[in-house]
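Quick note: the sequence shown uses UniProt numbering, first residue 1, plus one each step. For reference, the structure is listed below as structure tokens.
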Amino acid sequence: MTKTFFINVAPSNDRRDEKGFHSQLDHYVGKTKKEFFKYTLITAGDKRLDPWIVAQRAMEKNPEFHPLIAVNPLHQHPFHIVKKLASLQDFYARPMALNMIPGSFPNEMSALHDELSFAERFSRLKDFSNVLKDFFKEKTTGRFQGQYYQVTDAKLFPPLKDDVELFYSGVAATSELSGNYVKGIKPLSEMKKSEGKGQGLLLGICARATNEEAQASMQKLYPQDRKGQMLFDMVLGGHETSWSQWMKDYLQRNPEERDDFNLTAMKNFWTSAPFIVGSYDECAGLLKKYSDYGYEFFITDFHHEDFLHVEECIRRFRNFKS
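Spelled out as structure tokens, the structure:
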């Protein structure tokens, strides 16, 4: 049986607490333990900070920090990514992974004149990934001929030292792209079994000793924010994934929050994922139910002050599984 693993999500600077962001990030990085989290996702959502620079800062501060770095073909050539990976491997010699995303916010794609359709962005992502994979085979010379990228005898010596895991967000699982696939959760009543190996779920966790404490903490940590609500509506309206289309329909059908699918943080744009909320045992039980559908990993979003609570939830989940 595949052992379920967890990934946490580094905080990003949404400009609502700009002065405190760097200390929040450093605190979060310092608290991350490989005992609980295989990787830490560094997203591409920050409009100022480059995820590779954030990853380097984090790796410098914590020897247990293993980054899962967001990569968008809109921003760079795949050979440039290979060089960055090789550089970080040389300096830090630890596991790293890439989170491959096909596009960005609609306003950024418009500003950078990325006019490809969703299907075309998927094809570009496939080409981009294939260039990377060519160098993951401990090769010193890369060759690839695709629609969007062509590489002829590009040199990398010495070759990459370790396998680099690829994760895909925002695209459906397909045999055309081998790797791990990240899906958004749905309420348990609407979940379907995993369609294959290497699939995981993105969710938030707010757990406390009791359900009442968890509900109160959810409201305190993720307060109502009108600007955030407007951003959520704008971003959701511009996304074309099947999960985003499903979410639009769900919001019309279900205005009330629920413990296995709480949207308080997401609808106010504090996070990008629905939450599970409850006592440690309740949240651990919900994780087990989701994992029983065949999902092999969880990317967990949570407040930077909540490490001990989330670790306790993971500990109890593992006890349920053993």
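Note that the Cβ used here is the ideal one computed from N, Cα and C, for glycine as well.
For the putative contact between residue i and residue j, defined by C-beta atoms under 8 Å, what is the C-beta separation to the nearest angstrom?
{"i": "Pro274", "j": "Ile185", "result": "6 Å"}
{"i": "Pro187", "j": "Arg258", "result": "7 Å"}
{"i": "Pro301", "j": "Phe269", "result": "The question names Pro, but residue 301 is Asp in the sequence shown. At roughly 12 Å, the Cβ-Cβ gap does not stay under 8 Å, so Asp301 and Phe269 are not in contact."}
{"i": "Phe36", "j": "Phe6", "result": "6 Å"}
{"i": "Leu132", "j": "Ile69", "result": "Leu132 to Ile69, Cβ: 12 Å. No contact."}
{"i": "Ile42", "j": "Ala10", "result": "5 Å"}
{"i": "Leu177", "j": "Lys126", "result": "6 Å"}
{"i": "Lys248", "j": "Leu236", "result": "6 Å"}
{"i": "Asn99", "j": "Asp46", "result": "Going by Cβ atoms, the distance from Asn99 to Asp46 rounds to 14 Å, so no, they are not a contact pair."}
{"i": "Leu202", "j": "Ile299", "result": "5 Å"}
{"i": "Thr4", "j": "Glu296", "result": "6 Å"}
{"i": "Phe128", "j": "Tyr149", "result": "6 Å"}
Tell me which residues share the same chain as residue i and place their Cβ nearer than 7 Å to its Cβ, disregarding the 5 neighbours each side in the sequence.
{"i": "Ala86", "result": "Leu156, Leu160"}
{"i": "Gly228", "result": "Asn268, Phe269, Trp270"}
{"i": "Glu61", "result": "Per the sequence shown, residue 61 should be read as Lys rather than Glu. Same-chain partners within the cutoff: Asp26, Val29, Gly30."}
{"i": "Phe122", "result": "Pro102, Val171"}
{"i": "His309", "result": "Ala207, Arg208"}
{"i": "Gln24", "result": "Pro11, His304"}
{"i": "Val151", "result": "Phe79, Val131, Gly142, Arg143, Phe144"}
{"i": "Lys38", "result": "Phe5, Phe6, Ile7, His66"}
{"i": "Val164", "result": "Leu85, Met96, Ala97, Leu98, Phe136"}
{"i": "Glu190", "result": "none"}
{"i": "Met234", "result": "none"}
{"i": "Lys289", "result": "Leu188"}
{"i": "Ala214", "result": "Cys206, Ala207, Arg208, Val277, Gly278, Ser279"}
{"i": "Leu116", "result": "Arg124"}
{"i": "Gln147", "result": "Ser123, Asp127"}
Could you pull out every residue in the same chain whose Cβ sits closer than 8 Å to the Cβ of residue i, ignoring the five residues on either side in sequence?
{"i": "Gly294", "result": "Lys193, Ser194, Gln199"}
{"i": "Thr140", "result": "Lys155, Leu156, Phe157, Pro158, Pro159"}
{"i": "Phe21", "result": "Pro11, Asn13"}
{"i": "Ser244", "result": "Leu236"}
{"i": "Pro63", "result": "Arg94"}
Please classify residue i as buried or exposed, where buried requires at least 16 other C-beta atoms within 10 Å of its C-beta.
{"i": "Arg48", "result": "exposed"}
{"i": "Ser279", "result": "buried"}
{"i": "residue 323", "result": "Examination of residue 323 is not possible in this model, given that the chain is present from 1 through 322 alone."}
{"i": "Phe167", "result": "buried"}
{"i": "Leu287", "result": "buried"}
{"i": "Arg315", "result": "exposed"}
{"i": "Asp260", "result": "buried"}
{"i": "Thr210", "result": "exposed"}
{"i": "Phe317", "result": "buried"}
{"i": "Arg124", "result": "buried"}
{"i": "Ser242", "result": "exposed"}
{"i": "Ser291", "result": "buried"}
{"i": "Met230", "result": "exposed"}
{"i": "Asn254", "result": "exposed"}
{"i": "Asp306", "result": "buried"}
{"i": "Ala216", "result": "exposed"}
{"i": "Ala111", "result": "exposed"}
{"i": "Lys183", "result": "buried"}
Kindly list the residues whose CB is nearer than 6 Å to the CB of residue i, restricted to its own chain and excluding five residues on each side of it in sequence; keep chain order.
{"i": "Phe79", "result": "Ala154"}
{"i": "Met59", "result": "Phe65, Tyr92"}
{"i": "Asp134", "result": "Gly142, Phe144"}
{"i": "Asp162", "result": "none"}
{"i": "Met250", "result": "The displayed chain sequence assigns Tyr, not Met, to residue 250. Cβ neighbours of Tyr250 beyond the five flanking positions: none."}
{"i": "Met218", "result": "Cys206, Thr264, Val277"}
{"i": "His75", "result": "none"}
Could you say if the segment 257 to 275 and the segment 197 to 211 meet the contact criterion of at least three C-beta pairs nearer than 8 Å? yes
Per the contact definition of three or more C-beta pairs closer than 8 Å, is the segment 47 to 65 in contact with the segment 282 to 293? no
Any chance you could list the alpha helix (DSSP H) runs of at least 4 consecutive residues sitting entirely within the segment 25 to 60, in chain order? none
Counting only runs of 3+ residues fully inside the segment 213 to 284, write out the beta strand (DSSP E) ranges in chain order. 275 to 279
Completely contained beta strand (DSSP E) runs for the segment 100 to 175, where each covers 3 or more residues: 141 to 145, 150 to 155, 165 to 169
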